[in-house]
Every structure is written in C-alpha cells, then in structure tokens.
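So in our numbering, the last spot in the sequence shown is 930, and the numbers never skip.
We put the CB at the ideal spot given by N, CA and C, even for glycine.
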Amino acid sequence: MSTAIPVQPRHRTIFAVDIEGSTTRTNFERAMFRNAMYDLLEEALLLSGIEEGHRDLIDRGDGVLVLVHPVDALPKTKLLNSVIPTLHDLLVQLESDRPEHSFRLRAAMHAGEVHSDERGWYGEDLDITFRLLDAPEVKRRLKQTSAPLVLVVSQDIYRSVIRHGYDGIDDRTFQPVVQVHIAGQRLRGYVQVPAALTA
Numbered sequence: 732m733s734t735a736i737p738v739q740p741r742h743r744t745i746f747a748v749d750i751e752g753s754t755t756r757t758n759f760e761r762a763m764f765r766n767a768m769y770d771l772l773e774e775a776l777l778l779s780g781i782e783e784g785h786r787d788l789i790d791r792g793d794g795v796l797v798l799v800h801p802v803d804a805l806p807k808t809k810l811l812n813s814v815i816p817t818l819h820d821l822l823v824q825l826e827s828d829r830p831e832h833s834f835r836l837r838a839a840m841h842a843g844e845v846h847s848d849e850r851g852w853y854g855e856d857l858d859i860t861f862r863l864l865d866a867p868e869v870k871r872r873l874k875q876t877s878a879p880l881v882l883v884v885s886q887d888i889y890r891s892v893i894r895h896g897y898d899g900i901d902d903r904t905f906q907p908v909v910q911v912h913i914a915g916q917r918l919r920g921y922v923q924v925p926a927a928l929t930a
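And the structure:
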C-alpha cells in the first residue's frame, strides 16, 4: 500500500473532446483520427493564445482532456469565443481538404478543482466534465446535425460566463437539454452546436 500524501485542490478550466463513433473504427483508423485530433486541437489552442506552459494535455484514447491554468490572460471566455469556433473551422477545413481523414467531435467545458498524483489527474469536477461529454443527449445532438462539433457546458459555466453575454458569446445558442447525476446531485448541461453561429 502506498503512503498517504496530502490531497491539495488546484483550480483549472476543464475542456475535453471525444471522437464520435471511435469504437466502430479499426485501429489503423483510430491512429489516423487521433493524430488529426491532436493536430487540430493543438492548432486551435495556439491560435487562441493558450500556450503549452499554461495547460496540461491528458490523453484519453479517443479523446483529450485539457486543463487550462488560471491565468488572467486566459479567461474562460477564450475557450468559448476562440478555441471552439477555431476548432470548428479547422474540422470543416479538414473535411473539405481530406474527407477520408475527417471526423466529428463532442466537446465539454467545466471549471473546478482537480487533483493529481503519480498516476494522473482525478477529482469530482473531472467526473462532471466526462459525464457531460458522454451524456446520451449530447451524442444524440451530434447525430442530428451535419456540424463537425457539438459543445456541452456545465451549469456553472453557463451561470458564471455564458448568460452574461461576454464578447462573442450568445446565450441564446445554448439549450439546457442535459442532466447528469454526480454524488447524489442532479446537474444540468447546456448544449450548443457551433455551426449554428455561422448560419
């Protein structure tokens, strides 16, 4: 048994993406889509000013977890009005240029306390993020659209950021259609299809 170590919370903006339908792919296809996913995500983050030193990327097999450090120059709005639209546009461009390499993503955003040890990252706020990301209604929304990306945000992100109408964020594009259960609580998620913003 390992020696107990102090558990200390660290606040992060939590952003996760997952490739649609990856379990139906061959391992060769998974490798191709993983490489493309990382390339596009990295490009979207860098174009939005989120440098490597201000984030941690954690591999999730057919997805990626991004933990953005609490830096004044990187408010939560940066993910909503820059990273998401940029990632959407890059996915559209990939589909146009190399349709055989194209794929679609579900994305989730939350913020809260995370923890880490020698085995990796953990904590309730990560659980909330992944419950939102994997919610059946989010998967259903992606199936119902031709858009390459669907975003779900936690009720905390909606309450503290989206509903206030910060630059480039329209709360009318988010719908409260997801409910997840964590630690005996029922939490709401708000879904946006970013392509709707360009219609």
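- Bounds of any alpha helix (DSSP H) do not take in LEU811, whose DSSP letter is neither H nor E.
- Ranked by Cα distance from ILE893, the first of SER885, ASP902 and GLN886 is ASP902.
- Rounded to whole angstroms, the gap between the alpha carbons of GLU773 and SER833 is 16 Å.
- As a beta-bridge residue in DSSP terms, ARG786 pairs with VAL799.
- Shown here, VAL922 sits in a strand according to DSSP, grouped into three states.
- Residue range 741-750 is occupied by the beta strand (DSSP E) that includes ILE750.
- In the assembly as shown, GLN739 is an exposed residue. Its beta-carbon has fewer than 16 other beta-carbons within 10 Å.
- Taken atom to atom, the span from the alpha-carbon of PHE905 to that of PHE759 is near 36 Å.
- If the five residues before and after GLY854 are omitted, its C-beta is found closer than 7 Å to the C-beta atoms of GLU844, VAL845 and HIS846, all from its own chain and listed in chain order.
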